[in-house]
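Student:
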Amino acid sequence: MTRIERLFPIFGIAFALIYAPTMNNNWALATYHPRPGVWDWGVAPATNGPAMYWYGFVFTAFLGAVVVTAIAALVPERIMARIPWPTLTWLLPLCAMAYFGWVLTPYFTR
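Under this note's numbering, residues 524 to 633 are what the sequence shown spells out, in order.
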């Protein structure tokens with residue numbers, strides 16, 4: 524596996540692990556208002572219809588995952604080779620999904 528190929532699982536893992544608290548704590552980088560077709564920076568209240576924060580969550584998680592991946596690219600190859608990337612690529616996003624289930628439990632148990 525080449526050095527670049529090792530960065531793809533890191534990006535996927537970082538994206539999932541950053542997206543989970545981003546959604547839970549409402550750390551949206553942008554808000555989209557579909558009715559007027561307007562974008563706002565950060566978390567903005569709804570104006571003239573519902574506000575969509577999902578795009579902001581994705582932008583925030585993407586930028587965070589890019590930063591983590593860039594830092595991981597600086598880690599020496601001998602250390603990167605010791606980490607079981609195939610296992611972590613599945614296990615950590617599953618943990619993020621379990622976290623979503625735990626966070627969203629009140630919506631289903633009312």
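Even for Gly, the Cβ is constructed at its ideal location relative to N, Cα and C.
#1: For leucine 552, count neighbouring Cβ atoms within 10 angstroms of its own Cβ and tell me buried if that reaches 16, exposed if not.
#2: DSSP three-state call for tryptophan 608: helix, strand or coil?
#3: What is the rounded straight-line gap between the Cα of methionine 603 and the Cα of threonine 583?
#4: Would DSSP call valine 626 helix, strand or coil?
#5: Take arginine 558 as the anchor and find which of Gly572, Tyr542 and Thr610 has the nearest alpha-carbon.
Tutor: Taking the coordinates as given:
#1: The sequence position of residue 552 within the sequence shown is 29, counting from 1. Leucine 552 is buried by the Cβ-count criterion.
#2: The residue you call residue 608 lines up with position 85 of the sequence shown. Tryptophan 608: helix per DSSP, three-state reduction.
#3: Residue 603 sits at position 80 when you count from the first residue of the sequence shown. Residue 583 sits at position 60 when you count from the first residue of the sequence shown. Approximately 26 Å between the Cα atoms of the pair.
#4: Here residue 626 is taken as the residue at index 103 of the sequence shown, counted from 1. The answer is helix: DSSP assigns valine 626 an H, G or I state.
#5: As a working mapping, residue 558 is identified with position 35 in the sequence shown. Here the closest residue by C-alpha is Gly572.
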